[in-house]
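The block underneath contains the structure these notes are about, expressed in structure tokens.
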Amino acid sequence: MDIRIDKLLRWSQPVDVETSRGVGSSRMANPTSDFWGLWRAHKRQLKANGIRVVRNPHTNRYQVYWDEQPPVLAPDWTDAA
């Protein structure tokens with residue numbers, strides 16, 4: 000099943016975040032009942048595509064994050080001598 004993550008929820012504007020691979024971006028959305036159905040059925044696929052669910056400790060409500068990581072780049076061997 001193809002899941003259009005960009006259409007899955009009403010995402011916030013992307014925010015730059017520092018990751019172990021460099022600067023990536025993250026968007027936040029509030030989960031819907033349709034999302035929870037997809038999450039139960041396709042959790043592994045969603046996680047593999049940067050989706051994570053977090054409970055907000057201040058509101059005790061869940062929030063969904065879509066993390067877009069920077070690509071893994073091969074080393075530039077042209078500069079090595």
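Under numbering that gives the first Met the number 0, the residues of the sequence shown are numbered 0 to 80, in order. Note that CB positions come from ideal geometry on N, CA and C, so glycine has one too.
Just so you know, the alpha carbons of LYS42 and ARG51 end up roughly 9 Å apart. Per the coordinates, the alpha-carbon of TRP10 lies some 23 Å from the alpha-carbon of ARG20. For ARG54, the uninterrupted beta strand (DSSP E) run begins and ends at 50–54, by DSSP. Going by DSSP, SER25 is part of the beta strand (DSSP E) stretching over 21–28.
Exclusion of the five residues before and after ALA40 leaves no residue of its chain whose Cβ lies closer than 6 Å to its Cβ. Spanning the alpha carbons of ASN29 and THR18 requires a straight line of approximately 23 Å.
Per the C-alpha coordinates, the member of PRO13, GLU67, VAL14, GLN12 positioned closest to LEU45 is GLU67. Counted as a single uninterrupted DSSP element, the beta strand (DSSP E) harbouring GLN62 occupies residues 61–67.
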